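There are 2 protein chains.
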Amino acid sequence: MQTLSQIQILFQQYLVDHQFQNKPQELYDPVNYILSIGGKRLRPALLLLSYQLFDEDIDKALPAAFAIEVFHNFTLLHDDIMDEAPLRRGKPTVHHKYDLNTGILSGDVMMIYAYDYLTKIQDSTKIPAILSVFNQVAIEVCEGQQYDMNFESKNDVKITEYLDMIRQKTAVLLAGGMKIGAILGNANEKQADQIYQFAENIGIAFQLQDDILDTFGDPEKFGKKVGGDIAQNKKTFLLLKAFELADEDLRKELFRFIDMKEDRELEKIDGVKGVYRLLNIKEIANKEKEKYQKKAFEYLHKLGVKSEKLKIIKKLAEELLDREI
Amino acid sequence: MQTLSQIQILFQQYLVDHQFQNKPQELYDPVNYILSIGGKRLRPALLLLSYQLFDEDIDKALPAAFAIEVFHNFTLLHDDIMDEAPLRRGKPTVHHKYDLNTGILSGDVMMIYAYDYLTKIQDSTKIPAILSVFNQVAIEVCEGQQYDMNFESKNDVKITEYLDMIRQKTAVLLAGGMKIGAILGNANEKQADQIYQFAENIGIAFQLQDDILDTFGDPEKFGKKVGGDIAQNKKTFLLLKAFELADEDLRKELFRFIDMKEDRELEKIDGVKGVYRLLNIKEIANKEKEKYQKKAFEYLHKLGVKSEKLKIIKKLAEELLDREI
Chain A
40 MQTLSQIQIL
50 FQQYLVDHQF
60 QNKPQELYDP
70 VNYILSIGGK
80 RLRPALLLLS
90 YQLFDEDIDK
100 ALPAAFAIEV
110 FHNFTLLHDD
120 IMDEAPLRRG
130 KPTVHHKYDL
140 NTGILSGDVM
150 MIYAYDYLTK
160 IQDSTKIPAI
170 LSVFNQVAIE
180 VCEGQQYDMN
190 FESKNDVKIT
200 EYLDMIRQKT
210 AVLLAGGMKI
220 GAILGNANEK
230 QADQIYQFAE
240 NIGIAFQLQD
250 DILDTFGDPE
260 KFGKKVGGDI
270 AQNKKTFLLL
280 KAFELADEDL
290 RKELFRFIDM
300 KEDRELEKID
310 GVKGVYRLLN
320 IKEIANKEKE
330 KYQKKAFEYL
340 HKLGVKSEKL
350 KIIKKLAEEL
360 LDREI
Chain B
40 MQTLSQIQIL
50 FQQYLVDHQF
60 QNKPQELYDP
70 VNYILSIGGK
80 RLRPALLLLS
90 YQLFDEDIDK
100 ALPAAFAIEV
110 FHNFTLLHDD
120 IMDEAPLRRG
130 KPTVHHKYDL
140 NTGILSGDVM
150 MIYAYDYLTK
160 IQDSTKIPAI
170 LSVFNQVAIE
180 VCEGQQYDMN
190 FESKNDVKIT
200 EYLDMIRQKT
210 AVLLAGGMKI
220 GAILGNANEK
230 QADQIYQFAE
240 NIGIAFQLQD
250 DILDTFGDPE
260 KFGKKVGGDI
270 AQNKKTFLLL
280 KAFELADEDL
290 RKELFRFIDM
300 KEDRELEKID
310 GVKGVYRLLN
320 IKEIANKEKE
330 KYQKKAFEYL
340 HKLGVKSEKL
350 KIIKKLAEEL
360 LDREI
């Protein structure tokens, strides 16, 4: 079995070896650009770790891991256009560095290459099962992004709707990747489903943690600006829960802070955080996160794989979910 | 064997029966919209006709025909954004009727559904071969679109480059669709390649004819405004050939017309057409078109399919390529 670092190095090498050399350069330069500006490479690592639970010959899963990373970056590219984001990982987004048309078309070709690499596997009898997982996941990712956009102008978002949105937008791709890894490694159908459930629950927990960190994180340790979600009136788990629990007076207070304009941003962030504290939102969100985390690990232990083999995945998941809050 | 009309009715019914009912509506309404505003449904018809050369049970090929039509409409949707087109088939384009983000995301999900329907086939052993054709085609369509955009600002476009661009942008999707039809119908590998070559050559001939019609067509019969390519300085086969053949004086004359602004559009169109006439560009373009048409039919006859069976395809191809010039 390979360690997480070994797997990460292996994948990084595959990524470098598979830069797009095709023509026209105007189409493929932006693809290489977005793939080169980093990120945690979490999705391919999880796919490879999942594969490794069932088979040692990890090289066989590298094209699929690459496919998942290319697809993930395609979604980032198109999402950045939709969000009008100027920066991604501290670097200019593709549509800013190049232009809108480049952003659209290079994203499109990335999606096709994701399918292309996904089906580059020796044992072609596995292709239908893998495609079935991937199509479902890719559709849900688009649906999740649409719900996310819808929620910006929707004033009665329910917490269940929010949880389903983050499940689709974030969790299913982690889950689908791990399921594909399991299928490639010859897991049985039940195991493939269990690993999907594990990763889906981890993904939701991870996103809930992101919500918590965005408001309560240590500015030094959290990569993004703390309070950004509040400043943007983002309908996170925290805000939706606060509205659910607040009495009429507190709800009015919350609205007063939310309606504050940009020039009173600090006051706004402090005000909303104050309401959150009154309602114990941080503790409630943490409990919700832990609920998903617990569920995830239950699925992992049901797999019937020796606990020795689960160590790396468990450690990675715990690290992901134990960031300083 | 079914007639072309029967096939068209069959496909139209499949299209109606497979409207997207999924949620969120904001994502799928634009998909149904663009699929509903018509077009000739040429690509699915060709796929089904190709299937019918080898097998009678045409229902089996309907999901793939639908996939090709969905993919084609996805490319139209994203191309319309890139071209800033307000209208498509006389109706508002998706990004005009809805907005940019809707255009991007609904297009994305269409591409995924194209893959989804493409792999909805009973005999899953055929999936790898079909995907291999489709991935290649889809990549080339994106590359062709990029070259088309590049050529707008490139001043030394060669005719071979132009022909390769229209091959990628237009012809390979017709070709790939027919090849997929053949594979589904159990054609052998050689036949599948020959039908690909047939359609690729028909596609190039079709696009050349479009160039000719845009300039020399009968305004009453041609759907679009005659002279539009000239007004927009589009680097068509006609213009590139004229530059190739013109002597220095005539080239200067051509540049004089090209540089005319919008307020002198009619003069510009007449002037460029005058140069084309001096150089016999219409006849040369027609010969070029006929070269591809002839090559196409040679591939068709090599198939080893009874000539009786080829009748519908031949008639359709001839109708497509014999529009009034």
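Going line by line, the protein sequences match chains A and B.
Take any residue in the first sequence, note its place counting from 1, add 39, and you have its number in this note's numbering.
Take any residue in the second sequence, note its place counting from 1, add 39, and you have its number in this note's numbering.
Positions of the beta carbon are idealized from the N, C-alpha and C atoms, including for glycine.
Because the structure is a prediction, the values reported are computed rather than measured.
| Query | Result |
| --- | --- |
| Compare the C-beta of residue 163 of chain B with all C-beta atoms of chain A and state if any pair is closer than 7 Å. | yes |
| Any beta carbon from chain B within less than 7 Å of residue 358 of chain A's own beta carbon? | no |
| Just verifying my parser: in three-state terms, what is the DSSP assignment at residue 364 of chain A? | Residue confidence for residue 364 of chain A is low, a pLDDT of 48 falling below 50, so the modelled location carries little weight; the figure read from the coordinates is stated next. Coil at residue 364 of chain A, not helix or strand. |
| With 7 Å as the C-beta to C-beta threshold (strictly closer), list the residues of the region 138-150 of chain B near chain A in chain order. | 140, 143, 144, 147, 148 and 150 |
| Tell me which residues share the same chain as residue 159 of chain A and place their Cβ nearer than 7 Å to its Cβ, disregarding the 5 neighbours each side in the sequence. | 102 |
| Does the region 288-298 of chain B come into contact with the region 335-353 of chain B, if we say contact requires no fewer than three beta-carbon pairs (one atom in each stretch) closer than 8 Å? | no |
| Does the beta carbon of residue 325 of chain B sit closer than 7 Å to a beta carbon anywhere in chain A? | no |
| Helix, strand or coil for residue 126 of chain A? Go by DSSP, reduced to three states. | strand |
| Are residue 110 of chain A and residue 53 of chain A touching if we call contact CB-CB under 7 Å? | no |
| Can you tell me the Cα-Cα spacing of residue 255 of chain B and residue 266 of chain B, whole angstroms? | 8 Å |
| Can you give me the Cβ contacts of residue 128 of chain A inside the same chain, cut-off strictly under 7 Å, excluding the 5 residues immediately before and after it? | 76, 77 and 78 |
| Are at least three pairs of beta-carbons, each pair with one atom in the region 132-149 of chain A and one in the region 83-95 of chain A, less than 8 Å apart? | no |
| Might you give, ordered along the chain, the residues of its own chain that have their beta carbon closer than 8 Å to the beta carbon of residue 240 of chain A, omitting 5 neighbours on each side? | 210, 331, 332, 334, 335 and 338 |
| Below 8 Å on the Cβ atoms is my contact criterion, and I expect residue 206 of chain A with residue 243 of chain A to pass it. Report the Cβ-Cβ distance as a whole number of Å. | 6 Å |
| Using three-state DSSP, classify residue 63 of chain A as helix, strand or coil. | coil |
| Per DSSP, which residues does residue 131 of chain B bridge with? Please list them. | B/126 |
| Measuring straight from C-alpha to C-alpha, what distance separates residue 364 of chain A and residue 258 of chain A? | At residue 364 of chain A, the pLDDT of 48 sits below 50, so the modelled position is not reliable; the number obtained from the coordinates is stated separately. Spanning the two alpha carbons is a distance of roughly 10 Å. |
| Measuring only the C-alpha atoms, how far is residue 41 of chain B from residue 328 of chain B? | 29 Å |
| Does the CB of residue 63 of chain A have a neighbour CB from chain B at under 7 Å? | yes |
| With contact counted as at least three CB pairs below 8 Å, one residue from each stretch, are the region 176-195 of chain B and the region 210-230 of chain B in contact? | yes |
| By the criterion of Cβ-Cβ separation under 7 Å, what are the contact partners of residue 186 of chain B in chain A? | 63 |
| Roughly how many angstroms lie between the CA atoms of residue 220 of chain B and residue 90 of chain B, to the nearest whole one? | 4 Å |
| On a Cα-Cα basis, can you pick out the residue from B/153, B/316 and B/325 that is closest to residue 171 of chain A? | B/153 |
| On the CB-based measure, 16 or more other CB atoms within 10 Å of its CB, does residue 147 of chain A come out buried or exposed? | buried |
| Name the chain A residues that come within less than 7 Å of residue 174 of chain B, Cβ to Cβ? | 151, 154 and 155 |
| Against chain A, which members of the region 108-140 of chain B pass a CB distance test of less than 7 Å? | 117, 120, 121 and 140 |
| Where does residue 206 of chain A sit, in a helix, a strand or coil, going by DSSP? | helix |
| Name, please, each residue of chain A whose Cβ falls closer than 9 Å to the Cβ of residue 178 of chain B. | 61, 148, 151, 152 and 155 |
| Could one say the Cβ of residue 205 of chain B lies closer than 7 Å to chain A's Cβ atoms, at least one of them? | no |
| For residue 61 of chain A, is the classification buried or exposed, using 16 other Cβ atoms within 10 angstroms of its Cβ as the cut-off for buried? | exposed |
| Check whether the Cβ atoms of residue 100 of chain A and residue 223 of chain A sit closer than 7 Å, and answer yes or no. | yes |
| Using the rule of at least 16 other Cβ atoms within 10 Å of the residue's Cβ for burial, across every protein chain shown, is residue 185 of chain B buried or exposed? | buried |
| Using the beta-carbon count (16 or more within 10 Å), is residue 260 of chain A buried or exposed? | exposed |
| Step through the CB atoms of chain A and report whether any lies within less than 7 Å of the CB of residue 166 of chain B. | yes |
| Could you spell out the range, first to last residue, of the alpha helix (DSSP H) harbouring residue 192 of chain B? | That residue, residue 192 of chain B, is in no alpha helix (DSSP H); it is neither H nor E in DSSP. |
| If we cut at 7 Å on Cβ distances, does residue 170 of chain B have a partner in chain A? | yes |
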